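Here the sequence shown stands for residues 1 to 128, where the numbers follow the UniProt record's numbering.
Built from N, CA and C at the ideal position, the CB exists for glycine as well.
As the structure is a computational prediction, the values presented were derived from the model and not from experiment.
As structure tokens, the structure follows; a few thoughts come after it.
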Amino acid sequence: MPVLSWDAAGPRHGGPQSFQVRIDLVGCRVDLAGHLDRRTVHLLHDAISTLLLTDGDTWVVDASHVTACDPAGIRGLGTAYRRALRHDRRLGLTGAPPFLHQELIRLRLDHHLLDGDRAATVPDPLSV
């Protein structure tokens, strides 16, 4: 199975920072690990560009190992979603950690990006 991966490392707050992207070309899947922020969001963009070269019409981004996400990272996820739509593809986000899940809810992107099971388990604030 063709798999590509990138790793970015650099200093952050006095310690090492690591971000990893793994692309499964056959499964049209991108696995993210580490801090998704302004220094690493370009790797997500590159991964989506790579998926555009495949014939797959449904992409999956697994964020289960994302440890932090700043506003640039959130924008990067939204941009990836819009790029998929512009190219008649679908993009789903799986494994979103609670902090990312809450941010997607706040921005009303949860029903667009999160897989159906996860989005359905979140209570509607208006029904409480």
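Please go through the same chain and pick out, in chain order, the residues whose beta-carbon is closer than 8 Å to the beta-carbon of residue i, but skip the five residues on each side of it.
i, result
"residue 103", "69 and 74"
Would you mind stating whether residue i and residue j have Cβ atoms separated by less than 8 Å?
i, j, result
"residue 52", "residue 87", "yes"
"residue 57", "residue 83", "no"
"residue 32", "residue 54", "no"
"residue 64", "residue 95", "yes"
Apart from the five residues on each side of it in sequence, which residues of its chain come closer than 7 Å, Cβ to Cβ, to residue i?
i, result
"residue 72", "37, 38 and 41"
"residue 78", "109"
Using a Cβ-Cβ cut-off of 6 Å (strictly less than) and excluding sequence neighbours within five positions of residue i, which residues of its own chain qualify?
i, result
"residue 99", "none"
"residue 76", "41 and 44"
"residue 62", "31, 94 and 95"
Nearest CA to the CA of residue i: which residue from the options?
i, options, result
"residue 80", "66, 107 and 45", "45"
"residue 49", "28, 34 and 62", "28"
Just the Cα atoms here: how many angstroms apart are residue i and residue j?
i, j, result
"residue 97", "residue 85", "24 Å"
"residue 20", "residue 47", "11 Å"
"residue 66", "residue 59", "18 Å"
"residue 18", "residue 107", "27 Å"
"residue 113", "residue 101", "10 Å"
"residue 35", "residue 111", "23 Å"
Exercise. Can you give, in chain order, each stretch of the alpha helix (DSSP H) that sits fully within the region 29-75 and has at least 4 residues?
Worked result: If we require 4 residues or more, the alpha helix (DSSP H) runs fully inside the region 29-75 come out as 41-51.
Exercise. Which ranges does the alpha helix (DSSP H) cover as unbroken runs of at least 4 residues, wholly within the region 86-118, from first to last along the chain?
Worked result: You should have 98-106 and 110-113.
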